[in-house]
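Participant: Okay, so the sequence shown: first residue is 4 according to this note's numbering, each after it adds one. Could you have a look at this structure, given as structure tokens, before my questions?
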Amino acid sequence: MFGFGKKSTETTTATAASTPAVVPAVGVTDLGTAHGLISLEKRQAISLTKTPKITITISWPDTTDYDVYALVQYKDGHVETVSQFGTKDDRKFTATTKDGAVKHLGDVKRGGGTGKKGIADEVIEIALNPNIVRIVPVAYSAQSNGNGSFRRYKVTMTIDNGAGDIVEIKAKDADNNDSVYSCVPGVITNGDQIRIEKLEAYSAPRSERRPTIDSDGTVRMDTGATNLYK
């Protein structure tokens, strides 16, 4: 599970990485097609049967407040972001892609959530179409809310096709650095089925910058716009 640190009211100055982290291309073990509940390890991938609606849920203890957004890459090369907050350069945000295929269902504050008691969650719904290439969900702990370790609080991402098949991603590689604010749990690629690869990539310490996606699907941490303090 993703471990996020408890947040305080302390605000520190963001410092982006001098050399942005590039998630390397390494050998990935393909587990075939998911049936039932499957939990992925790092450098594992699995296919999920495509259905009319796919749900991404990221959950955490409701005593804290985290945020979720997603980068959506299209065949023509452009990338849209669905979120509930903007960036320092552009305060505007949109919760839905222009084609309506990917929707963020709403921001959840501390103590909120619709799941079981003690757990908060934010949900992104996907109705895939052939123009979408891949989706990169991001879990974010705002610097303005204070420092926190990804290891300390437990956050889980699930991808559910609504037909009884669920892929779960738990982070096991987080360290105790209290100044890491963003995590990309995995990458979802559109095809005949949905391919899900566990990535578990983290931002550089104190970086508030969003990740970006190359045309080949490479995720580059700390190379995008700077998140707006919440």
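Even for Gly, the Cβ is constructed at its ideal location relative to N, Cα and C.
If we ignore side chains and look at the alpha-carbon of each, how far apart do residue 166 and residue 38 end up?
Facilitator: Numbered from its first residue, the sequence shown carries residue 166 at position 163. Numbered from its first residue, the sequence shown carries residue 38 at position 35. Their backbone Cα atoms lie some 10 Å apart in a straight line.
Participant: If we ignore side chains and look at the alpha-carbon of each, how far apart do residue 108 and residue 98 end up?
Facilitator: Position 105 of the sequence shown holds residue 108. Position 95 of the sequence shown holds residue 98. Each residue's Cα considered, the two are about 7 Å apart.
Participant: Compute the Euclidean distance between the alpha carbons of residue 176 and residue 203, then round it to the nearest angstrom.
Facilitator: The sequence position of residue 176 within the sequence shown is 173, counting from 1. The sequence position of residue 203 within the sequence shown is 200, counting from 1. If you take the alpha carbons of residue 176 and residue 203, they lie about 8 Å apart.
Participant: Which two residues bound the contiguous beta strand (DSSP E) that contains residue 229?
Facilitator: Residue mapping note: residue 229 aligns to position 226 of the sequence shown, counting from 1. It is not in any beta strand (DSSP E) - residue 229 carries neither H nor E in the DSSP assignment.
Participant: Taking the continuous beta strand (DSSP E) assigned at residue 203, which residues delimit it?
Facilitator: Stepping through the sequence shown from its first residue, residue 203 is reached at position 200. Per DSSP, residue 203 belongs to the beta strand (DSSP E) from 197-205.
Participant: Determine, using beta-carbon pairs with one atom in the region 43-53 and one in the region 183-200, whether at least three such pairs fall under 8 Å.
Facilitator: Verdict: yes, contact present.
Participant: Does DSSP put residue 170 in a helix, a strand or coil?
Facilitator: As a first step, residue 170 is located in the sequence shown; it is residue number 167 there, counting from the start. Residue state, collapsed to three classes: strand.
Participant: How would you call residue 134, buried or exposed, if buried means at least 16 neighbouring beta carbons within 10 angstroms?
Facilitator: The residue you call residue 134 lines up with position 131 of the sequence shown. Residue 134 should be labelled exposed.
Participant: Quick test of your reading: residue 131 and residue 216, contact by CB under 8 Å. State the CB separation rounded to the nearest angstrom.
Facilitator: One-based indexing of the sequence shown puts residue 131 at position 128. One-based indexing of the sequence shown puts residue 216 at position 213. That belief does not hold up - the Cβ atoms of residue 131 and residue 216 are roughly 17 Å apart, past 8 Å.
Participant: When the Cα atoms are used, what is the spatial distance from residue 73 to residue 110?
Facilitator: Taking the sequence shown and counting its residues from 1, one reaches residue 73 at position 70. Taking the sequence shown and counting its residues from 1, one reaches residue 110 at position 107. For residue 73 and residue 110, the distance between alpha carbons rounds to 13 Å.
Participant: Pick helix, strand or coil for residue 222, following the three-state DSSP scheme.
Facilitator: Taking the sequence shown and counting its residues from 1, the one referred to as residue 222 is at position 219. Strand.
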